[in-house]
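Step one of this worksheet: look at the structure below.
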Amino acid sequence: MSHIVAPKEERIVMGLAAMAGGVVFFTMIDTSAKWLVTAGIPVMQVVFARYLMHFLMSAAIFLPREGRTAWRSNAPFKQVLRSFFLFGSTLLNFLALRYLPITVTTTIMFAGPIVVTLLAIPILGEKVGLHRLVAVCVGFLGVLFVMQPWGAGFHPAMFFNLGALCVASMYFIMTRMLAGVDSNATSQLWASGLATICLSPLAIPIWVWPDTAASWAFLLLIGVFGGTGHILATAAHRMADASILAPVVYIQIFLAAAAGILVFDTWPTIWTLGGGLIIIAAGIYIWHRERYLGIAAAKEPKGPPV
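Heads up: the sequence shown begins at 4 in the numbering used here, then just goes up one per residue.
This is the structure we're talking about:
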């Protein structure tokens, strides 16, 4: 029985749509986290719930299909490091969300490709030319615009955000190092499973039961949002090249702004918007330059962040 394969153009459109859907769910993770931590739920509990539900979802999808082989890693130490960097960045990001608008935290985190470009020089041995170095400097200028360390808009919680940015960049570096080494199922199970195991003794003793229906919903769904987002993003990478999908993720900044306005009644400042546009421009230029040089496909993770 033959299978009907969609034309290349149609698959690209489907991939872009799937990636956009994944970005919507990624925005819902941060929206849920901010709602919960501002409602008095401990940050550690929120991070634990995020990975517990994601792990259960991943196990339900991958284990019936692949069995115990889904756990088998060819680089277990790198998987442990990757998982540590992932839930470490999530913890720092959620700590920042307790105090900062969701637009600010999202915008700063989108400087990730800029930091990865720098880290790839000593860690991966990549050569970065003048064009991308200038783009890196411009991108960091955008981060300064968002943070405003010279003015009243600065908040100490931005250091949590910067920490999350650096740790998340190491996660992306580890993802590149594991590309082609382990399957997506293995990476998903290790990342969410190790995070759940490590966080459980820290989250359970300080557990606080939600006292509103909205908080219950966000606590139960935050991991589902994460798992669904990554399933969509993984499907997108199967249908279209990473170099085509890369610019789509920047719509998350605008979705975060909408969530801030609609859910938290917080409007982004002109500094956040201006800095965000600078970061987007720098990130897209780096992506364009890598694509022009023919190295974008090699640099991009084969799957999305877990």
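Cβ coordinates follow ideal geometry from the N, Cα and C atoms, glycine included.
The structure presented is a predicted model; accordingly, all values stated were derived computationally and were not measured.
Per DSSP, His158 lies in no alpha helix (DSSP H) and is assigned neither H nor E. Per the Cβ contact rule, the region 96-114 is in contact with the region 263-279 (3 or more Cβ pairs under 8 angstroms). Around the C-beta of Leu95, 16 or more other C-beta atoms lie within 10 Å, and the residue is accordingly described as buried.
A Cβ-Cβ contact shorter than 9 angstroms links Gly142 with Ala114. Looking at the backbone, the Cα of Gln255 and that of Arg71 are separated by about 35 angstroms. Distance check between Cys169 and each of Asp268, Ala217, Ser186, Val146 places Val146 closest, using alpha-carbon atoms only. Collapsing the DSSP output to three states places Ser61 in a helix. Secondary structure of Asp33 (DSSP, three-state): helix. Relative to Ser35, the option among Gly229, Leu280, Phe257 whose CA is nearest is Gly229. At a Cβ-Cβ threshold of 9 angstroms, Phe97 and Val46 count as neighbours.
Pairwise C-beta distances place the region 281-300 out of contact with the region 51-60, as fewer than three of them are shorter than 8 angstroms. Looking at the backbone, the Cα of Trp270 and that of Ala261 are separated by about 9 angstroms.
Across the structure, Ala206 and Ile225 are spaced so that their CA atoms are roughly 16 angstroms apart. Listed in chain order, the non-local C-beta contacts of Leu121 below 7 angstroms within the same chain comprise Val139, local neighbours out to five positions each way being set aside. Judged by DSSP in its simplified three-state form, Leu168 adopts helix. Per DSSP, reduced to three states, the secondary structure at Ile225 is helical. Contact between the region 63-79 and the region 210-222 is absent, with fewer than three C-beta pairs closer than 8 angstroms. Counting only the Cα atoms, Gly154 lies some 15 angstroms from Phe162. The three-state reading of DSSP puts Leu127 in coil, since its state is none of H, G, I, E or B.
Secondary structure at Gln151: coil, using DSSP grouped into helix, strand and coil.
Distance from the CA atom of Ala259 to the CA atom of Thr106, rounded to whole angstroms, is 5 angstroms.
In this structure, Val26 and Val40 do not form a Cβ contact; the two beta carbons are roughly 22 angstroms apart against a cut-off of 8 angstroms. Within the region 236-281, the alpha helix (DSSP H) runs of at least 4 residues that lie entirely inside it are, in chain order, 245-248, 254-267.
Secondary structure at Trp290: helix, using DSSP grouped into helix, strand and coil. By the Cβ neighbour-count rule, Arg135 is buried, with 16 or more other Cβ atoms within 10 Å of its own.
Spatial neighbours of Val119 in its own chain (CB-CB distance under 7 angstroms, excluding positions within 5 residues in sequence) are listed in chain order as Ser172, Phe175, Ile176. Assignment of Ala206 by DSSP, reduced to helix, strand and coil, places it in the helix class.
For the pair Tyr253 and Gly286, the CB atoms are nearer than the 9 angstroms cut-off.
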